[in-house]
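Here is the structure we will look at, set down as structure tokens.
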Amino acid sequence: MDPTADGAEHLPGSDDTALTTGAVARRLGVSPTTLRSWDRRYGIGPQVRGTGRHRRWSPRDVAVLENMCRLTSQGVPPAEAARAARAGADGAPAPERPATSGSRAAGALPLGDVRQECRGLARAAVRLDAPAVEDLLTAAVEEHGLVVAWQEVMVPTLHAVGRKWASSGDRYVEVEHLLSWHVSTALRRCTRPAVPYGGLAPGPVLLACVPGEQHTLPLEALHAVLCQLGVPVRMFGAAVPAEALTAAVRRLGPSAVVLWAQARSGASPALARHVAGAEWGMKGARRQPQVVLGGPGWAGRSAPGMLRPPSLQEALRLLAGTGVSPGPGPV
1 MDPTADGAEH LPGSDDTALT TGAVARRLGV SPTTLRSWDR RYGIGPQVRG TGRHRRWSPR
61 DVAVLENMCR LTSQGVPPAE AARAARAGAD GAPAPERPAT SGSRAAGALP LGDVRQECRG
121 LARAAVRLDA PAVEDLLTAA VEEHGLVVAW QEVMVPTLHA VGRKWASSGD RYVEVEHLLS
181 WHVSTALRRC TRPAVPYGGL APGPVLLACV PGEQHTLPLE ALHAVLCQLG VPVRMFGAAV
241 PAEALTAAVR RLGPSAVVLW AQARSGASPA LARHVAGAEW GMKGARRQPQ VVLGGPGWAG
301 RSAPGMLRPP SLQEALRLLA GTGVSPGPGP V
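Numbering (the UniProt record's numbering), first residue to last: 1 to 331.
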């Protein structure tokens, strides 16, 4: 099968407008498994079947699916959404869920100008369609590489979900949790086995959140790419107590310690200086780590002698001593 200009795939010998299930799934941001399930359970399937078991989706079929996706993303139960989507295709107006006061429809996410993959990922997350979220994250990493997939697909979608959650009270917290879980899973799937450290300089990079900080996904992304680059790294994750971190510094003799703070309340320059002051080595040849500050919590904080890279690429340049191409392909 040959890809068309819009990335869709057509079945050989079929009408030019008939799309394969895979092409429709990519266009709508759902998984092929979800489309087959909707077809089997609710009759939301192609009107024309190809030879064998192939499905051929006409423009009318795709329009029905688009209505199904829109309604389910607004919180309509799948069975009800299917009836409404079919009715809309037959000429009856499909019901709309009311928009929140002064805003867009209840299920829409404020994405702005982003890659098309973000829109599909956001729709799948709002529907709580875990198979589609998994498929879309995997495809983004395979197509763009881990750095670009993180910065241009995962992060904008996570931010949009976070903004929607913040503006809707406690609504959409389940969407944020599901998306975060699958982003974490995708990052760990990309992570190569830890590189052994034999005690020779430079030491490993230590990655830790400040005390009380639970947001680990940016550190997980940094950890995955450093492992891919063959850099020795130790991941400590969320809410590391200051004394535990300084004890680890003295034991491992790291080349750098990355301190992540999402919130300003946890970004303490005194803590950073405390970690930077940890020493190891023989008397007369004592060494100290380079502290690297990460996260929006450090904005506007004065921390002389410490680095604050503005992007993942710059952090990688500092920590791995190499430039990382943001182009397609594995990092």
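Idealized CB from N, CA, C, for every residue including glycine.
Between leucine 259 and valine 291 a beta carbon distance of about 6 Å is seen, short of the 8 Å cut, so the two are scored as contacting. Put simply, the stretch 215 to 233 does not touch the stretch 134 to 142. Fewer than three CB pairs are less than 8 Å apart. The DSSP-derived three-state label of arginine 286 is coil. With contact defined as three or more Cβ pairs closer than 8 Å, the stretch 286 to 303 and the stretch 227 to 242 are not in contact. Membership of leucine 178 in the alpha helix (DSSP H) is indicated by the continuous run 173 to 190.
Secondary structure of arginine 115 (DSSP, three-state): coil. Residue burial is scored here from C-beta neighbours: tryptophan 181 has fewer than 16 other C-beta atoms within 10 angstroms and is therefore classed as exposed.
Beta-bridge pairing by DSSP links cysteine 209 to Trp260. Comparing alpha-carbon positions, the option among Asp129, Thr20, Gln228 and Leu271 lying closest to alanine 194 turns out to be Gln228.
The three-state reading of DSSP puts leucine 136 in helix, counting H, G and I together. By the beta-carbon neighbour count (other beta carbons within 10 angstroms, threshold 16), histidine 177 is exposed. Distances from the CA of valine 64 to each of Val76, Ile44, Gly29 and Pro77 were compared; the closest alpha carbon is that of Ile44.
Taking 7 Å as the cut-off, the Cβ atoms of alanine 18 and serine 58 count as close. In the same chain as valine 114, and ignoring 5 residues on each side of it, the C-beta atoms closer than 7 Å to its own belong to Pro156, in chain order.
Sorting Pro241, Gln288, Ala263 and Gly266 by C-alpha distance to the C-alpha of leucine 252 places Gln288 at the top. Here leucine 226 really is in contact with valine 205; their C-beta atoms are around 6 Å apart, less than 8 Å.
Shortest Cα-Cα distance from alanine 242 to any of Ala132, Arg119, Ala272 and Ala263 involves Ala272. Secondary structure of methionine 235 (DSSP, three-state): strand.
Beyond the five residues adjoining it in sequence on each side, glycine 120 comes within less than 6 Å, by CB distance, of Gly29 and Leu136 in the same chain, given in chain order.
Setting aside the 5 residues that flank it on each side, valine 133 is surrounded in the same chain by Leu121, Ala124, Ala125, Leu178, Leu179 and His182, each with a C-beta closer than 8 Å to its C-beta; the list follows chain order.
Annotation for proline 218: the continuous alpha helix (DSSP H) segment containing it runs 217 to 228. Under the three-state reduction of DSSP output, valine 155 falls in the helix class. Collapsing the DSSP output to three states places valine 292 in a strand. A straight line joining the alpha-carbon of leucine 307 with that of threonine 246 spans about 18 Å.
Taking threonine 21 as reference, the option from Ala208, Arg41 and Asp61 with the minimal CA-CA separation is Asp61. Listed as beta-bridge partners of leucine 307 by DSSP are Val292.
Boundaries of the alpha helix (DSSP H) around leucine 319: 312 to 320.
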